[in-house]
Each structure stands twice: as structure tokens, then as C-alpha cells.
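Single-structure report; data block below.
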Amino acid sequence: MINREKPVINCKLTHPIIWFMLALYPLIIVPNEYNYSCLPRYIILLTLGLLAGFCLVRDRYCFPRHRSLIPLIVFLILSLIAAILSSHPAEALLGTPFRFTGFLTHLVCAVLFILAYLSVRNHADINRFINIFLGTAAIVAFLGLLQFFGIQPVPHPPGFDFGLRSDATIGNPNFLGTYIVLAFPFAAVKYLQKPCNKWALLVALIYAVGLTNLTRGVWIGLFAAFLVLFFYLRNRRSLFSFIAILITVTAVLFPLHDGLLYKRVFSLPAEAQSCIEGDDNAGTNRLYIWKITAAQLKNTLLIGTGPDTLKYALEDYRDRTREVFGREIIIDKAHNIYLEQAVTHGLLALICYLTFLFCLLRPERKDALSVAFLSMVVGYMVQGTFNIDVVQVYPLWWIMLGFYLAHSSSKAAKNSQ
Numbered sequence: 022m023i024n025r026e027k028p029v030i031n032c033k034l035t036h037p038i039i040w041f042m043l044a045l046y047p048l049i050i051v052p053n054e055y056n057y058s059c060l061p062r063y064i065i066l067l068t069l070g071l072l073a074g075f076c077l078v079r080d081r082y083c084f085p086r087h088r089s090l091i092p093l094i095v096f097l098i099l100s101l102i103a104a105i106l107s108s109h110p111a112e113a114l115l116g117t118p119f120r121f122t123g124f125l126t127h128l129v130c131a132v133l134f135i136l137a138y139l140s141v142r143n144h145a146d147i148n149r150f151i152n153i154f155l156g157t158a159a160i161v162a163f164l165g166l167l168q169f170f171g172i173q174p175v176p177h178p179p180g181f182d183f184g185l186r187s188d189a190t191i192g193n194p195n196f197l198g199t200y201i202v203l204a205f206p207f208a209a210v211k212y213l214q215k216p217c218n219k220w221a222l223l224v225a226l227i228y229a230v231g232l233t234n235l236t237r238g239v240w241i242g243l244f245a246a247f248l249v250l251f252f253y254l255r256n257r258r259s260l261f262s263f264i265a266i267l268i269t270v271t272a273v274l275f276p277l278h279d280g281l282l283y284k285r286v287f288s289l290p291a292e293a294q295s296c297i298e299g300d301d302n303a304g305t306n307r308l309y310i311w312k313i314t315a316a317q318l319k320n321t322l323l324i325g326t327g328p329d330t331l332k333y334a335l336e337d338y339r340d341r342t343r344e345v346f347g348r349e350i351i352i353d354k355a356h357n358i359y360l361e362q363a364v365t366h367g368l369l370a371l372i373c374y375l376t377f378l379f380c381l382l383r384p385e386r387k388d389a390l391s392v393a394f395l396s397m398v399v400g401y402m403v404q405g406t407f408n409i410d411v412v413q414v415y416p417l418w419w420i421m422l423g424f425y426l427a428h429s430s431s432k433a434a435k436n437s438q
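Shown next, in the form of C-alpha cells:
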């Protein structure tokens, strides 16, 4: 049983909320004139967040006593202050159109984190939720793999064509990669614990789409996640067959489409060299975006410009941006979650957020599920250096963190090996 002072809240309503988020939320596509995957999920997220808040209030919820909650509260307070004091408070609170990562999204995600933590009664609950999560991940991965082979089963808005890059139902190859980084460690641990055809197929499917989204930052995150798994579970007999699955999938995909994946992988050294040399075009112009975003830090040490308001902070660079990109473009994301938080939420808020995450980590726990959670966090944080937080995936990250907290603060970890 989960060992903590606060009794688990009534799960008759909370479990369906979490089940919906894990099983159905990643699959939602609603064609409309604005955005097929982002806006519908934002509306659903706010609705479920309100329902989750009702559950906590209804059960006279007492705040759990854990060291990670203090920096989380401070992070939310600083983010709220930044939103209220922002030159664009409405967007800072609600989020900009097509992004919707304002303060309200962060608040709802924090509520879901608490709800996930409190809703776990025992190790079986965590395992059940992870199986649901992986079941949907398998569907998403299958759809993404079809796209890589030229079959498009998912409707897309006009003008949103990613070619052979997999984006499945997530709406963007980069964002699909983030989702895969969350799922891969748990699929891997399932196989390492019980090597069988079912888990081997799941690992192969999820890993394959981790490659076919063709997002290099995601690959680095997946590699970091793999290193954590390898370090802690290197004595597992099934590790060699697990690595063999990864090698086989890579070998099959490498020559397809005139070596598309092969060429993308081996462009990494050249991109790294460009970054070292300070080329603004490095990393698909990411280095330029990082430079101009970092230049704003001197103004946001305590209070940021407001969540999801980066485009206003970078307005002075519009002419230079046009020169670098060769066209008119608005930079509304830093393609680095840490830089963006430091500017929009404030550097102090970023420190609180990172402190919150590090307080959750339990690297001394060596049971398989703890290693999977640790691998997930490391992978997500590494890929976040090159990617952004999006409403399609961000809530799932927080729910999984809630499970991590429930697992690490219980005796269940000792029995899950």
C-alpha cells in the first residue's frame, strides 16, 4: 500500500479523469478553422482541470507533505505574478492562440500532478495506469509509423504537411518525439522485466517512431533515457535482447526513403560544429533563437514577462529575424524550455521549477519502475533543451510526475522489482 499521511481521495471520479488523460487525450483530433490538435485539447484540459479541482475541494484535500511541493508552490506564485504584471496579461494567463501555455495551463497541470499523486492507492494502480498510457502510445506510434511509409491516416489543417516525418495525432513531429520520450522508458522496463513478444513489439514500435519523427533533439533525449536504463539495469539478462531490438529497428529504417534517417542522424556532428562556431543557422536556427532569448535574461531575474509571451519580448529582433530566416516569422517559443521559462516566468521561477524536479528524483532507488521514472525525467529534461512544452503533451508529463512521487514515497518500490 502507498505509505503517506494523507489518505487517498475518493477515486470514483479521479480515476476516470486520469484514465481519460492517459488513454484518450493523446488521440484527440477535432478539425476546425484554427487548430486540429491544440485548441480542442486545451478546452478539454481546462474542463478536466476544473473537475479535478472540484474533486480536491470536495474531499477536503490536505496538501501532501513532501519537499518538492514548496518549490512548486513558489514557482506557481511567481508565474502568476509575472502573468498579472505582464504587458499582455490576458495571453499570459490564458496562453497565446495555437500555443495555450499560459499560467492557467501550468496551474491545471499542477492540479493534475496532485490528483495523480493522491489517486494512487497501491503499486497495482500505478502499473494499471502505465499500461493504459502504453496502450495509447502504441496506437499513436502505429499511426506515426504509417505516416513514415507514406500513409496519412490523420487529418491535418491545410498547410501543415510534414512530409514523411511522423507526427501521428500530436500535431507536430517535435511534439510527438516528446511524447515518445515519456513512453519509451516504461516500454523498455516492461520488456526488461518480462521479455516476450508483446513487449518486444511495443518497444520496437515506440522506438521506431522515436526515430521517424526525425527530431534530433528527441534522439538525444532518448539516448539519455537509454543511458539511465543501461546504468541501473545493466545486469538484467534481457538487456542484450533489448539492445538487439533497438539495433534491428535502426538497421531496418536507416536505408528507407533514400537513407532519409541515415542522413539526418549523421548531420548531428555538423550541427554540433556549427553551434560551437556560433553559426546562427545551427540547429535549424535554434542557436539564433537561444541567443536573442538569453539576451532578455538581464530583465527577468525575478519576474518574467509572463507565461507564453516570448514573442513580445523579442519584438525588437523582428528585422534581424527576417534576415536570418529569409522570411517574415514570429518567434514565440525559445525551443529550449529552460530559457523560455527564465524569460517568461522569471529566472527565479525557473530555479524553483528545477528544484521541484530534482526533489522528485530518487536515484538511489534501483527497482525497475523507479528506474523507468528516473529515465523518463532525464530524457524529458534533456530533450527540453531543444524542444518546447506544448499543451498536447505537457499535462501527461505532470501526471507521470504525480505517479513518480506516489511511487517514490511509498513502500511499493521495494516490491516492484
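Just so you know, we're using my numbering here: the sequence shown kicks off at 22 and counts up by one.
All residues carry an ideal CB built from backbone N, CA and C; glycine is no exception.
Just so it is clear, the structure is predicted and the values come from calculations on it, not from any experiment.
Alpha carbons only, please: which of the options is nearest the one belonging to residue i?
| i | options | result |
| --- | --- | --- |
| ALA355 | LYS33, THR376 and LEU308 | LEU308 |
| VAL398 | TYR333, LEU381 and ILE409 | LEU381 |
| THR321 | MET42, LEU282 and ALA104 | ALA104 |
| ARG237 | GLY400, LEU60, ILE147 and HIS278 | GLY400 |
| ILE91 | SER429, ARG383 and PHE379 | PHE379 |
| THR314 | TYR359, ALA291 and VAL175 | TYR359 |
| LEU281 | SER262, GLY184 and ALA204 | GLY184 |
| GLY405 | HIS144, ARG257 and GLY242 | GLY242 |
| GLY423 | ASN193, PHE150 and LEU106 | PHE150 |
| PRO47 | ALA159, VAL129, ARG79 and HIS144 | ALA159 |
| VAL273 | LEU226, ALA131 and ALA162 | LEU226 |
| ASN234 | VAL286, GLN214 and PHE124 | VAL286 |
| PRO174 | LEU164, PHE181 and GLY180 | LEU164 |
| GLU385 | ILE65, LEU254 and ARG79 | LEU254 |
| LEU128 | LEU66, GLY192, ARG257 and TRP40 | LEU66 |
| LEU277 | LEU323, PHE124, LEU166 and TRP40 | LEU166 |
| ASN408 | GLU361, ARG383 and LEU368 | GLU361 |
| TRP40 | THR157, LEU71 and TYR55 | THR157 |
Kindly list the residues whose CB is nearer than 6 Å to the CB of residue i, restricted to its own chain and excluding five residues on each side of it in sequence; keep chain order.
| i | result |
| --- | --- |
| VAL210 | ALA389 and ALA393 |
| PRO178 | TYR57 |
| ILE268 | none |
| PRO61 | ILE49 and VAL51 |
| PHE275 | LEU282 and TYR283 |
| TYR200 | ILE191 and VAL414 |
| LYS387 | TYR253 |
Give the C-beta separation of residue i and residue j to the nearest angstrom, bearing in mind that I take them to be a contact with Cβ-Cβ under 8 Å.
| i | j | result |
| --- | --- | --- |
| ILE49 | LEU69 | Wrong, their Cβ atoms sit about 12 Å apart, outside the cutoff. |
| ALA44 | ILE153 | 5 Å |
| SER58 | THR190 | 7 Å |
| LEU155 | ALA208 | 6 Å |
| GLY198 | VAL224 | Rounded, the Cβ-Cβ distance is 16 Å, inconsistent with contact. |
| PRO206 | LEU250 | 6 Å |
| SER108 | TYR425 | With 8 Å as the limit, SER108 and TYR425 do not qualify as a contact, their Cβ atoms being about 36 Å apart. |
| LEU414 | PHE196 | First, the amino acid is wrong: residue 414 is Val here, not Leu. VAL414 to PHE196, Cβ: 6 Å. Contact. |
| ASN357 | TRP311 | 6 Å |
If I measure Cβ to Cβ from residue i and keep anything under 8 Å in the same chain, skipping five residues before and after, which residues do I get?
| i | result |
| --- | --- |
| GLU298 | With a pLDDT of 49 at GLU298, under the threshold of 50, the modelled position of that residue is not reliable, and the figure given next carries that caveat. Same-chain partners within the cutoff: there are none. |
| TYR63 | GLY116, PHE121, THR126 and VAL412 |
| MET42 | LEU69, LEU133, PRO416, LEU417 and ILE420 |
| THR35 | ALA73, CYS76, LEU136, LEU139 and SER140 |
| ILE350 | THR342 and ARG343 |
| VAL202 | GLY231, VAL239, GLY242, LEU243, ALA246, MET397, GLY400, TYR401 and GLN404 |
| ALA131 | LEU93, LEU97 and TRP419 |
| THR330 | SER107, SER108, HIS109, GLU112, ALA113, THR117 and THR365 |
In or out: residue i buried (at least 16 other Cβ within 10 Å) or exposed?
| i | result |
| --- | --- |
| ASP340 | exposed |
| ARG88 | exposed |
| GLU336 | exposed |
| LYS219 | exposed |
| SER430 | buried |
| ASN53 | exposed |
| PRO194 | buried |
| TYR338 | buried |
| SER187 | buried |
| ALA162 | buried |
| LYS33 | exposed |
| ILE352 | buried |
| VAL78 | exposed |
| ALA291 | exposed |
| ASP279 | exposed |
| ASP182 | exposed |
Would you say the beta carbon of residue i comes nearer than 7 Å to a heavy atom of the ligand FMN?
| i | result |
| --- | --- |
| LEU382 | What this structure holds is no ligand at all, so the ligand FMN is not there to describe. |
Keeping to the same chain, check which residues put their C-beta closer than 7 Å to that of residue i; ignore five residues upstream and five downstream.
| i | result |
| --- | --- |
| PHE96 | ALA370, CYS373, TYR374 and PHE377 |
| HIS366 | LEU99, SER100, ALA103, GLY325 and PRO328 |
| HIS428 | ILE147, LEU390, SER391, PHE394 and ALA434 |
| TYR212 | TRP220, ALA221, VAL224, SER259 and PHE263 |
| PRO176 | ILE50, PRO52 and TYR57 |
| ALA363 | LEU318, THR321 and LEU371 |
| PHE124 | SER100, LEU101, ALA104, ALA113, LEU114 and PRO328 |
| LEU323 | GLY367 and LEU369 |
Does residue i have its Cβ less than 8 Å from a Cβ in chain D?
| i | result |
| --- | --- |
| LEU235 | Going by chain labels, chain D is absent from the structure shown, which holds only one protein chain. |
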